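What follows is a short report on a single structure.
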Amino acid sequence: MSKYEIAMAGEHLALLYRGPEIWAQWRQDNSHKSPNLAGCNLGQMDLQAFDLSNTNLTAANLRGANLTGVNLSNSLLCGANLIEAQLTGIEGVTINLHQAQLKGADLRDANLIGGDLSEAVLLEAELSRANLIGCGLKNADIRRAELEAAQLHRADLRCAELEAANLIQAGLSQANLSEATLTGAYLYGADLSRANLREAHCAQAYMVRANFTDINAEEVDLAWSNLSKVNFTRANLRQANLRGARLHRAQFKQTCLEGADWELANLEQARGFPSLSC
5 MSKYEIAMAG EHLALLYRGP EIWAQWRQDN SHKSPNLAGC NLGQMDLQAF DLSNTNLTAA
65 NLRGANLTGV NLSNSLLCGA NLIEAQLTGI EGVTINLHQA QLKGADLRDA NLIGGDLSEA
125 VLLEAELSRA NLIGCGLKNA DIRRAELEAA QLHRADLRCA ELEAANLIQA GLSQANLSEA
185 TLTGAYLYGA DLSRANLREA HCAQAYMVRA NFTDINAEEV DLAWSNLSKV NFTRANLRQA
245 NLRGARLHRA QFKQTCLEGA DWELANLEQA RGFPSLSC
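Residue numbers (the numbering used here): 5 to 282.
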């Protein structure tokens with residue numbers, strides 16, 4: 005940061021320390037300005053009463069901070085430390101969390117629609133019911149995170165790490181999961197219709213009752229996964245690895261299985277299998 009930016013950060017931090025009423029008045033009187041708290045130490049602070057929308061918090065320390073319900077829309081938190089922070093119910097439309105550290109953070113019911121979380125560390129984070137529609141999560145570390153009923157429609161999850169993540173009932177329609185890792189993930193009842201799972205690593209995943217309608221899963225690795233009652237209507241499974249997969253009562257209609265490996269797969273009561281139409 006420049007000397008001017010450092011000075012502004014110090015001035016705005018002093019305003020923040022004076023309390024939410026002073027902060028709110030300053031924001032009202034300076035509505036044309038965006039607060040600058042880049043690099044500031046806000047660790048463990050209770051910030052629930054502060055409006056932090058359109059705020060520069062790049063590389064700020066917010067570890068363990070309480071931001072429950074805070075407005076962070078259009079704010080910059082690139083590289084910020086939000087480890088174990090309380091972010092439940094935040095309003096974070098188009099928030100920028102590129103490379104942010106969010107291990108163990110609580111983001112339940114957060115609205116992050118259109119946000120940039122690429123390369124963010126969300127290891128073991130709580131994201132149940134979070135709105136992540138259209139979010140950029142490329143190369144994000146989301147291992148062992150809780151994403152039950154999260155909305156990830158049209159999200160960019162290319163090369164993301166989702167090993168052992170809980171995605172039960174998650175909405176992933178039209179999401180891009182190409183080359184993502186979902187080994188051992190839980191996707192019971194998840195909606196993956198029209199998603200891109202090309203070359204994704206999904207071995208030993210639990211996908212019972214998932215919706216794979218119109219999915220592009222060419223060369224996907226689903227070995228030893230539980231795919232019981234999955235709807236594969238019009239799915240592209242060309243060159244897919246289904247070795248040892250459980251396909252009990254799965255539905256295959258106009259499904260492309262050209263070159264797929266289903267050796268040792270359990271096909272009990274599967275409907276329409278095999279079909280090689282593409």
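All C-beta atoms in this analysis are idealised placements derived from N, C-alpha and C, irrespective of residue type, glycine included.
Because the structure is a prediction, the values reported are computed rather than measured.
Residues near ALA129 in its chain [Cβ-Cβ closer than 8 Å; skip 5 each side]: Numbered from its first residue, the sequence shown carries residue 129 at position 125. LEU106, LYS107, GLY108, ALA109, ASP110, LEU111, ILE146, ALA149, GLU150, listed in sequence order.
Beta-carbon gap between GLU152 and ASN170 smaller than 7 Å: Here residue 152 is taken as the residue at index 148 of the sequence shown, counted from 1. Here residue 170 is taken as the residue at index 166 of the sequence shown, counted from 1. Yes, the Cβ-Cβ distance between GLU152 and ASN170 is below 7 Å.
If I follow the unbroken alpha helix (DSSP H) through PRO39, where does it start and stop? Taking the first residue of the sequence shown as 1, we reach residue 39 at position 35. No alpha helix (DSSP H) holds PRO39; DSSP gives it neither H nor E.
Assuming ARG213 contacts LYS233 under a Cβ cut-off of 8 Å, what Cβ separation, rounded to an integer in Å, is found between them? Sequence index remark: in the sequence shown, residue 213 carries index 209 (1-based). Sequence index remark: in the sequence shown, residue 233 carries index 229 (1-based). About 5 Å; that satisfies the 8 Å criterion.
With distances taken Cα to Cα, identify the nearest neighbour of GLY68 among ASN215, LEU91, VAL97. Your numbering for residue 68 matches position 64 in the sequence shown. Looking from the CA of GLY68, the closest CA among ASN215, LEU91, VAL97 belongs to LEU91.
Output needed for CYS139: all residues of its chain with C-beta closer than 8 Å, excluding positions within five of it in sequence on either side, in chain order. Your numbering for residue 139 matches position 135 in the sequence shown. Closer than 8 Å at the Cβ level, and outside the excluded window around CYS139, lie LEU116, ILE117, GLY118, GLY119, ASP120, LEU121, LEU156, ALA159, ASP160.
Only counting the same chain, and skipping five residues up and downstream in sequence, which positions put a Cβ closer than 7 Å to that of LYS7? Within the sequence shown, numbered from 1, the residue matching residue 7 stands at position 3. Residue confidence is low: LYS7 scores 46 on pLDDT, short of 50, so the model does not pin down where it sits. Its coordinate-derived value is still stated next. Nothing meets the Cβ criterion.
With a CB to CB cut of under 7 Å and the five nearest residues on each side skipped, what residues in its chain are close to ASN200? Counting from 1 along the sequence shown, the entry for residue 200 is found at position 196. Sequence-distant Cβ neighbours of ASN200 in its own chain, meaning closer than 7 Å and more than five residues away, are ASN180, LEU181, SER182, ASN220.
Cβ neighbour criterion (16 or more within 10 Å) applied to GLY263: The count along the sequence shown starts at 1 and reaches residue 263 at position 259. So GLY263 ends up on the exposed side.
Cα-Cα, which of GLY276, ASP265, GLY23, THR259 is closest to ARG253? Taking the sequence shown and counting its residues from 1, one reaches residue 253 at position 249. Taking only the C-alpha atoms, the option nearest ARG253 is GLY276.
Residues bridged to THR185 [DSSP beta-bridge criterion]: Walking along the sequence shown from the start, residue 185 turns up at place 181. Beta-bridge pairing links THR185 to GLU165, HIS205.
What does the Cβ neighbour count give for ARG31, buried or exposed, with the cut at 16 atoms within 10 Å? Working through the sequence shown from its first residue, we reach residue 31 at position 27. Answer is buried; the Cβ neighbour count reaches 16.
Can you give me the Cβ contacts of GLN208 inside the same chain, cut-off strictly under 8 Å, excluding the 5 residues immediately before and after it? Position 204 of the sequence shown holds residue 208. Cβ neighbours of GLN208 beyond the five flanking positions: THR187, GLY188, ALA227, TRP228, SER229.
Rounded to a whole number of angstroms, what is the C-alpha to C-alpha distance between LEU280 and HIS102? Locating residue 280 in the sequence shown gives position 276, where the first residue counts as 1. Locating residue 102 in the sequence shown gives position 98, where the first residue counts as 1. Note on LEU280: pLDDT 48, under 50, position unreliable in the model; the coordinate value appears next. The alpha-carbon atoms of LEU280 and HIS102 are separated by roughly 42 Å.
Nearest to LEU46 (by Cα), restricted to the options ASP33, ASN85, GLN29: As a first step, residue 46 must be located in the sequence shown, where it is residue number 42. Considering only alpha carbons, the answer is ASN85.
In its own chain, which residues sit with a C-beta less than 7 Å from the C-beta of ARG133, not counting the 5 before and 5 after it? By one-based count along the sequence shown, residue 133 stands at place 129. Answer for ARG133: ARG112, ASP113, ALA153, ALA154, listed in chain order.
Would you kindly work out how many angstroms separate the C-alpha atoms of ASN240 and TYR21, rounded to a whole number? Walking along the sequence shown from the start, residue 240 turns up at place 236. Walking along the sequence shown from the start, residue 21 turns up at place 17. Straight-line Cα distance between these residues: approximately 56 Å.
Which of helix, strand or coil does DSSP assign to GLU150? Translated into the one-based positions of the sequence shown, residue 150 becomes position 146. GLU150: strand per DSSP, three-state reduction.
What does DSSP give as the partner residue(s) for GLY83 in the beta ladder? Here residue 83 corresponds to residue number 79 of the sequence shown, with the count starting at 1. Answer is none; GLY83 lacks a bridge partner.
Bridge partner(s) assigned by DSSP for GLY140: In the sequence shown, the residue the question calls residue 140 occupies position 136. Partner(s): ASP120, ASP160.
Own chain, CB closer than 8 Å to ALA2, minus 5 neighbours either side, in chain order: Limits of the chain in this structure are 5 at one end and 282 at the other, which puts residue 2 out of reach.
Does the Cβ of GLU222 have 16 or more other Cβ atoms within 10 Å, making it buried, or fewer, making it exposed? As a working note, residue 222 is residue 218 in the sequence shown. Result: buried.
Going by DSSP in three states, ARG213 sits in which element: helix, strand or coil? The sequence position of residue 213 within the sequence shown is 209, counting from 1. Coil, per DSSP.
Contacts around LEU126, its chain only, beta-carbon distance under 7 Å, and the 5 residues preceding and following it disregarded: Working through the sequence shown from its first residue, we reach residue 126 at position 122. The beta carbon of LEU126 is closer than 7 Å to those of LEU106, ALA144, ASP145, ILE146, ALA149 in its chain, skipping five residues each way along the sequence.
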